[in-house]
Amino acid sequence: QQQVKQSPQSLIVQKGGIPIINCAYENTAFDYFPWYQQFPGKGPALLIAIRPDVSEKKEGRFTISFNKSAKQFSLHIMDSQPGDSATYFCAAGGTSYGKLTFGQGTILTVHP
Amino acid sequence: DAGVIQSPRHEVTEMGQEVTLRCKPISGHNSLFWYRQTMMRGLELLIYFNNNVPIDDSGMPEDRFSAKMPNASFSTLKIQPSEPRDSAVYFCASSPQGTRNTIYFGEGSWLTVV
């Protein structure tokens, strides 16, 4: 029940495309859903996060869509750039001391 | 702020040796996490501390792994004896109280056990 399932494992798009990464969770106690971005040789860094009281959140070219009834959320990257090439992790957390459960990650490659 | 500082960044050791990984969290953060990242298992939470007290160590793989946080600015993760399957990137992360779940990661310690 603690799992977060992420898909796809890898994704290749052309510059300007709109990659979409999906995540699903089981635990209805989760109330915080962040996305992290990780570049090679670096630690994951918080990209954008959403709470279940809204269905969408946008920050720059990054948008999270959230479907509470389906227990799913997704990351959309508008006008993707080669610099967006990285591994993306979704995560889910509850109110307990900031513990996060991470998805398996999606390796995104944006070709010029 | 310097961010979460981990050392060593890279370590290669022989099977059976003791490995100690170190972490300095961001000043003022009261939660500290140790994660392990591998291709097969992704990011796994090993243990986390709140106000220097271990809260959940259910992710620690076995008795060979131990973690301590003697004060608010330092934590260690120890593997004794190390095995080749422990090869992974180990991340330390910290979180400030009140921002609920906003976790800041260090750059990781890359461990290879041969």
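As given, the protein sequences belong to chains F and H, one line each in that order. In terms of my numbering, the first sequence is residues 1185 to 1296. In terms of my numbering, the second sequence is residues 13 to 126. Where is the CB? At the ideal position from N, CA and C, for every residue including glycine.
(1) Sort out for me which residues DSSP pairs Glu1240/F with in a bridge.
(2) May I ask you to list, following chain order, the residues of the segment 52-70 of chain H that have a beta carbon less than 7 Å from some beta carbon of chain F?
(3) Could you please give me the residues that DSSP links to Lys80/H through a beta bridge?
(4) Below 8 Å on the Cβ atoms is my contact criterion, and I expect Val1238/F with Phe1250/F to pass it. Report the Cβ-Cβ distance as a whole number of Å.
(5) How would you call Asn9/H, buried or exposed, if buried means at least 16 neighbouring beta carbons within 10 angstroms?
(6) Please list, in chain order, all residues of the same chain as Trp122/H whose beta carbon is under 6 Å from its beta carbon, the five residues on each side excluded.
(7) If we cut at 8 Å on Cβ distances, does Gln1187/F have a partner in chain H?
(8) Just to confirm, is the Cβ distance from Glu119/H to Gly1227/F under 8 Å?
(9) Sort Ser106/H, Tyr116/H and Gln92/H by Cα distance to Gln1222/F and report the nearest one.
(10) Rounding to the nearest angstrom, what Cα-Cα distance links Gly1278/F and Met51/H in this structure?
(11) Is the segment 1285-1295 of chain F in contact with the segment 15-29 of chain H, if contact means three or more CB pairs nearer than 8 Å?
(12) Strictly by DSSP, which residues pair up with Ala1229/F?
(13) Please classify Pro37/H: is it buried, with 16 or more other beta-carbons within 10 angstroms of its beta-carbon, or exposed?
(14) My output table needs one value for Pro1267/F: the three-state DSSP class, helix, strand or coil.
(15) Should Ser40/H be flagged as near chain F, meaning a C-beta pair shorter than 8 Å?
(16) Arg1235/F by DSSP, collapsed to three states: which one?
(17) Cβ closer than 7 Å: which chain F residues qualify as neighbours of Thr114/H?
(18) Look up Asp68/H in the DSSP assignment and say whether it is helix, strand or coil.
(19) Could you tell me whether the Cβ atoms of Leu57/H and Gln49/H are closer together than 8 Å?
(20) So what's Arg21/H in DSSP terms, helix, strand or just coil?
(21) Taking DSSP's pairing of strands, which residues face Arg48/H in a bridge?
(22) Shorter than 8 Å from the beta carbon of Phe103/H to some beta carbon of chain F?
(23) Starting from Glu119/H, find everything on chain F with Cβ-Cβ shorter than 7 Å and list it in chain order.
Reading off the structure:
(1) Ser1249/F
(2) Gly54, Leu55, Leu57, Tyr60, Asn62, Ile67 and Asp68
(3) Thr88/H
(4) 7 Å
(5) Nothing about residue 9/H can be reported from this structure: the residues present for chain H run from 13 to 126 only.
(6) His22 and Val101
(7) no
(8) yes
(9) Tyr116/H
(10) 26 Å
(11) no
(12) Gln1221/F
(13) buried
(14) In the sequence on display, residue 1267/F carries Gly and not Pro. Gly1267/F: helix per DSSP, three-state reduction.
(15) Per the sequence shown, the amino acid found at residue 40/H is Gly instead of Ser. Cβ-Cβ to chain F under 8 Å: no for Gly40/H.
(16) coil
(17) Leu1230
(18) strand
(19) no
(20) coil
(21) Glu56/H and Tyr102/H
(22) yes
(23) Lys1226 and Gly1227
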